[in-house]
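Residues in the sequence shown are numbered consecutively from 1, following the UniProt record's numbering. Ideal Cβ positions, reconstructed from N, Cα and C, are used throughout, including at glycine. Step one of this worksheet: look at the structure below.
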Amino acid sequence: MSDRDQHMAELREIVAEVLELEPEEVADTADFVEEYEADSLRAIEILARIEKKYKVEIPQAELNEMRSLKAVHEVVARHAGWQD
Numbered sequence: 001m002s003d004r005d006q007h008m009a010e011l012r013e014i015v016a017e018v019l020e021l022e023p024e025e026v027a028d029t030a031d032f033v034e035e036y037e038a039d040s041l042r043a044i045e046i047l048a049r050i051e052k053k054y055k056v057e058i059p060q061a062e063l064n065e066m067r068s069l070k071a072v073h074e075v076v077a078r079h080a081g082w083q084d
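Written as structure tokens, this is what we have:
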């Protein structure tokens, strides 16, 4: 499994847990708000769990960008310095 695949799998687990879904139900490009009825509290919870797991700080201003699993990966990769 590539680093990117590993990171996506870990992020999928975090998102699924917060949104009370099974990981396989979280599609890479599905909009969290439109598809899963996520609200701002859940978005903040996802952000907090990601920051804790990867020991990174992501400004809350980035939350607007983090609307899908793919977008979350891009934001976290930028702040964590991932090269995947």
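- According to the neighbour-count rule (16 or more other Cβ atoms, all chains shown, within 10 Å of its Cβ), is Leu19 buried or exposed? By the 10 Å Cβ count, Leu19 comes out buried.
- Item | Alpha carbon of Val26 to alpha carbon of Ala77, nearest angstrom | Approximately 19 Å, taken between the alpha carbons.
- Message: For a minimum of 4 consecutive residues, which ranges assigned as the alpha helix (DSSP H) are wholly contained in the UniProt domain "Carrier" (2-80)?
- Response: Taken in chain order, the complete alpha helix (DSSP H) segments of 4 residues or longer contained in the UniProt domain "Carrier" (2-80) are 3-19, 32-36, 40-54, 69-80.
- Item | Assigned exposure category for Arg12 - 16 Cβ within 10 Å defines buried | It is buried - the Cβ of Arg12 has at least 16 other Cβ atoms within 10 Å.
- For Leu43, which residues of its own chain have a beta-carbon under 6 Å away from its beta-carbon, when the five flanking residues on both sides are left out? Note on residue identity: the sequence assigns Ala, not Leu, to residue 43. Correct list, in chain order: Leu63.
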